[in-house]
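**Student:** Got a structure here, written out as structure tokens. Questions coming.
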Amino acid sequence: MKSFLSNEYVVLALRLVLGLTFLFASIDKIADPSAFSGAISNYKLISGPFALAVATVLPWAELLCALSVLSGLYFRGGALLLCFMLSLFTLAVLSGLIRGLDISCGCFTLDPDVHIIGWQKVLENVGLILVSVMLFYSRSTRFYLRVNTP
Amino acid sequence: MYKQATRESVLIVCAAVVLGFSYTLFAGKGFFGSSKTTGIAPSHGAGPAPTPISLTEARTLFETGGAIFVDSRHHFDFRRGHIRSAVNIPLANFESAQKTVAALPRDKVIIVYCDGSECNSSIELAAKLYEQGFGGVRFFWGGWQDWVSNKLPTESSQ
């Protein structure tokens, strides 16, 4: 595993997967925080001004994390935060599934009829959590803007 | 390594808070966007622009049959429960629901509602109906929550 996480091309692939995923995921949400707040409220876990505050900050956190893992600046912090956020997203989706909610995920697009939550979304998130954990423990710092030694 | 990563994460969150609120402030979105209390500006001659309606007035129109209720929430929420005899036109499906829109009576008041005071889809749908030439459109801010808490007639499609 150590040699796997030291392979510069494996680490580059992990960074691209995680970074580009969250880069694209953040764009729609940044453009329309009110619609994203609606998508969050649909989970019926938080609502009102609190949902709007989350919708205001969360997409920017996703964007900054994406830029950090793509560039290598603060990449461990970015990977750690992505892992934390992905865990929360997964719990929210699981809770929605258990309650039988038929709602849009609000992950990549804010169109309410696209990406309805399901077990596939849970698996996707688990996969991304694994990628973020591997990136956190990765040892290669090639292709980084700044070397961030452990 | 863990301490440094935690510090970096906190830094990213702080930057996200500053960027998020600064952007919405300058772009006039989210918290700093137009609120629903601004109402809808009249844009054509279909009649008066949509205005809010109180629970008492909505209830009277419901009991006299002088209004049709339009539910702008998602199909899922509508199926779980809605104002009795309401028609479901989710805001996101407005374009594909043109048959339902065309079937709305023009001689009655159209009362649009969503979940409650925290949602905006009722006012947005009211604006769309108004733009399509419906003159007697009102939006009920209290919405589904207000209706249910006052124990007024409801039904579900499940």
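Read top to bottom, the protein sequences are chains A and B. FYI, our numbering numbers position 104 of the first sequence as 101, with every residue one higher than the one before it. Just add 18 to the spot in the second sequence (first one is 1) and you have our numbering. Beta carbons: idealized from backbone N, C-alpha and C, even for Gly.
Considering only C-alpha positions, which residue in the set A/6, A/141, A/86, A/142 is nearest to residue 19 of chain A?
**Tutor:** Within the first sequence, residue 19 of chain A is the residue found at index 22, counting from 1. Out of A/6, A/141, A/86, A/142, A/86 has the C-alpha closest to the C-alpha of residue 19 of chain A.
**Student:** Quick one, are the C-beta atoms of residue 21 of chain A and residue 52 of chain A less than 9 Å apart?
**Tutor:** As a first step, residue 21 of chain A is located in the first sequence; it is residue number 24 there, counting from the start. As a first step, residue 52 of chain A is located in the first sequence; it is residue number 55 there, counting from the start. For residue 21 of chain A and residue 52 of chain A, no; Cβs fall outside 9 Å.
**Student:** Only counting the same chain, and skipping five residues up and downstream in sequence, which positions put a Cβ closer than 7 Å to that of residue 127 of chain B?
**Tutor:** Stepping through the second sequence from its first residue, residue 127 of chain B is reached at position 109. Cβ neighbours of residue 127 of chain B beyond the five flanking positions: 79, 84, 85, 154, 156.
**Student:** Going by DSSP, which residues form a beta bridge with residue 85 of chain B?
**Tutor:** Residue numbering aside, residue 85 of chain B sits at position 67 when the second sequence is read from its first letter. Its beta-bridge partners are B/127.
**Student:** Compare the C-beta of residue 138 of chain B against all C-beta atoms of chain A and say whether one is closer than 9 Å.
**Tutor:** Looking up residue 138 of chain B in the second sequence gives position 120. Judged by the 9 Å Cβ criterion, residue 138 of chain B is in contact with chain A.
**Student:** Is any beta-carbon of chain B found at less than 9 Å from that of residue 74 of chain A?
**Tutor:** Counting from 1 along the first sequence, the entry for residue 74 of chain A is found at position 77. It does; some Cβ of chain B falls within 9 Å.
**Student:** Does the beta-carbon of residue 30 of chain B have 16 or more other beta-carbons within 10 angstroms, so that it is buried, or is it exposed?
**Tutor:** Here the question's residue 30 of chain B lines up with position 12 in the second sequence. Label assigned to residue 30 of chain B: buried.
**Student:** Measure the alpha-carbon distance for residue 96 of chain B versus residue 175 of chain B and round it to whole angstroms.
**Tutor:** Position 78 of the second sequence, counted from the start, is the residue given in the question as residue 96 of chain B. Position 157 of the second sequence, counted from the start, is the residue given in the question as residue 175 of chain B. Distance between the alpha carbons of residue 96 of chain B and residue 175 of chain B is about 8 Å.
**Student:** Would you check whether the ligand ZN has a heavy atom nearer than 8 Å to the C-beta of residue 7 of chain A?
**Tutor:** Absence of the ligand ZN is noted for the structure shown, with no ligands found whatsoever.
**Student:** When you compare the CB of residue 58 of chain B with every CB in chain A, is at least one pair closer than 9 Å?
**Tutor:** One-based indexing of the second sequence puts residue 58 of chain B at position 40. Unreliable positioning characterises residue 58 of chain B in this predicted model, as indicated by a pLDDT of 44, which lies under 50. A coordinate reading is not provided.
**Student:** Verify the CB distance criterion: does residue 40 of chain A have a CB-CB separation below 9 Å to chain B?
**Tutor:** Taking the first sequence and counting its residues from 1, one reaches residue 40 of chain A at position 43. For residue 40 of chain A, the answer is no, since every Cβ of chain B falls outside 9 Å of its Cβ.
**Student:** Compute the Euclidean distance between the alpha carbons of residue 129 of chain B and residue 117 of chain B, then round it to the nearest angstrom.
**Tutor:** Numbered from its first residue, the second sequence carries residue 129 of chain B at position 111. Numbered from its first residue, the second sequence carries residue 117 of chain B at position 99. Computed Cα separation, rounded: 18 Å.
**Student:** Does DSSP put residue 106 of chain A in a helix, a strand or coil?
**Tutor:** Reading the first sequence from its first residue, position 109 is the one you call residue 106 of chain A. Coil at residue 106 of chain A, not helix or strand.
**Student:** Just mark residue 10 of chain A as buried or exposed, buried being the case when its beta carbon has 16 or more other beta carbons within 10 Å.
**Tutor:** The residue given as residue 10 of chain A occupies position 13 in the first sequence. Result: exposed.
**Student:** Taking 6 Å as the limit between beta carbons, can you name the residues of its chain near residue 171 of chain B, skipping five residues before and five after?
**Tutor:** By one-based count along the second sequence, residue 171 of chain B stands at place 153. Around residue 171 of chain B: 102.
**Student:** Would you tell me roughly how many angstroms separate the C-alpha atoms of residue 121 of chain A and residue 92 of chain A, rounded to the nearest one?
**Tutor:** What you label residue 121 of chain A is simply residue 124 of the first sequence in a count that begins at 1. What you label residue 92 of chain A is simply residue 95 of the first sequence in a count that begins at 1. Their backbone Cα atoms lie some 16 Å apart in a straight line.
**Student:** Check for me: the alpha helix (DSSP H) holding residue 73 of chain A runs from which residue to which?
**Tutor:** In the first sequence, the residue the question calls residue 73 of chain A occupies position 76. Per DSSP, residue 73 of chain A belongs to the alpha helix (DSSP H) from 72 to 95.
**Student:** At the 9 Å Cβ level, is residue 86 of chain B part of the contact set with chain A, yes or no?
**Tutor:** Position 68 of the second sequence, counting from 1, holds the residue named residue 86 of chain B. Taking Cβ atoms only, chain A never reaches closer than 9 Å to residue 86 of chain B, which makes this a no.
**Student:** Which stretch, first to last residue, makes up the beta strand (DSSP E) that contains residue 156 of chain B?
**Tutor:** Translated into positions along the second sequence, residue 156 of chain B becomes position 138. Taken as a continuous stretch (DSSP letters only), the beta strand (DSSP E) holding residue 156 of chain B covers 155 to 158.
**Student:** Does any residue of chain B have a CB that is nearer than 9 Å to the CB of residue 65 of chain A?
**Tutor:** Here residue 65 of chain A refers to the residue found at position 68 when the first sequence is read from its first residue. It does: the Cβ of residue 65 of chain A has a partner Cβ on chain B nearer than 9 Å.
**Student:** On the DSSP bridge list, what partners appear for residue 74 of chain B?
**Tutor:** Locating residue 74 of chain B in the second sequence gives position 56, counting from the first residue. DSSP, once it has assigned bridges, lists no residue as partnering residue 74 of chain B.
**Student:** At what residues does the alpha helix (DSSP H) containing residue 25 of chain B begin and finish?
**Tutor:** Taking the first residue of the second sequence as position 1, residue 25 of chain B is located at position 7. Segment 20 to 45, the alpha helix (DSSP H) holding residue 25 of chain B.
**Student:** Note the first and the last residue of the continuous alpha helix (DSSP H) segment covering residue 122 of chain A.
**Tutor:** Position 125 of the first sequence, counting from 1, holds the residue named residue 122 of chain A. Residues 116 to 133.
**Student:** Use the C-beta contact count for residue 148 of chain B: other C-beta atoms within 10 angstroms, 16 or more gives buried, fewer gives exposed.
**Tutor:** For the purposes of this step, residue 148 of chain B is taken as residue 130 along the second sequence, with counting starting at 1. So residue 148 of chain B ends up on the buried side.
**Student:** If we define contact as Cβ-Cβ less than 9 Å, is residue 39 of chain B a contact residue for chain A?
**Tutor:** Numbered from 1 along the second sequence, position 21 holds the residue referred to as residue 39 of chain B. Yes, its Cβ sits closer than 9 Å to a Cβ of chain A.
**Student:** Taking only the alpha-carbon atoms, compute the straight-line gap between residue 125 of chain B and residue 67 of chain B and give it to the nearest angstrom.
**Tutor:** The residue labelled residue 125 of chain B in the question sits at position 107 within the second sequence. The residue labelled residue 67 of chain B in the question sits at position 49 within the second sequence. Using only the alpha carbons, I get a separation of about 16 Å.
**Student:** Check the Cβ-Cβ distances between residue 150 of chain B and every residue of chain A, and say whether any is below 9 Å.
**Tutor:** Taking the first residue of the second sequence as position 1, residue 150 of chain B is located at position 132. Taking Cβ atoms only, chain A never reaches closer than 9 Å to residue 150 of chain B, which makes this a no.
**Student:** Among A/100, A/133, A/137, which residue has its Cα nearest to the Cα of residue 118 of chain A?
**Tutor:** Position 121 of the first sequence, counting from 1, holds the residue named residue 118 of chain A. Residue A/100 is the option with its Cα nearest to residue 118 of chain A.
**Student:** Can you look up residue 101 of chain B in the DSSP assignment and give me helix, strand or coil?
**Tutor:** Stepping through the second sequence from its first residue, residue 101 of chain B is reached at position 83. Correct three-state label for residue 101 of chain B: strand.
**Student:** Of all Cβ atoms in chain B, is any one closer than 9 Å to the Cβ of residue 115 of chain A?
**Tutor:** As a working mapping, residue 115 of chain A is identified with position 118 in the first sequence. For residue 115 of chain A, the answer is no, since every Cβ of chain B falls outside 9 Å of its Cβ.
**Student:** Assuming residue 140 of chain A contacts residue 76 of chain A (C-beta within less than 8 Å), just tell me the rounded distance between them.
**Tutor:** Position 143 of the first sequence, counting from 1, holds the residue named residue 140 of chain A. Position 79 of the first sequence, counting from 1, holds the residue named residue 76 of chain A. The Cβ separation is near 15 Å, so there is no contact.
**Student:** Looking at the secondary structure, which residues open and close the alpha helix (DSSP H) in which residue 163 of chain B lies?
**Tutor:** Within the second sequence, the letter at position 145 stands for residue 163 of chain B. Unbroken alpha helix (DSSP H) run through residue 163 of chain B: 161 to 167.
**Student:** Pull up the distance between the alpha-carbon of residue 97 of chain A and that of residue 93 of chain B, whole angstroms please.
**Tutor:** Here the question's residue 97 of chain A lines up with position 100 in the first sequence. Here the question's residue 93 of chain B lines up with position 75 in the second sequence. If you take the alpha carbons of residue 97 of chain A and residue 93 of chain B, they lie about 13 Å apart.
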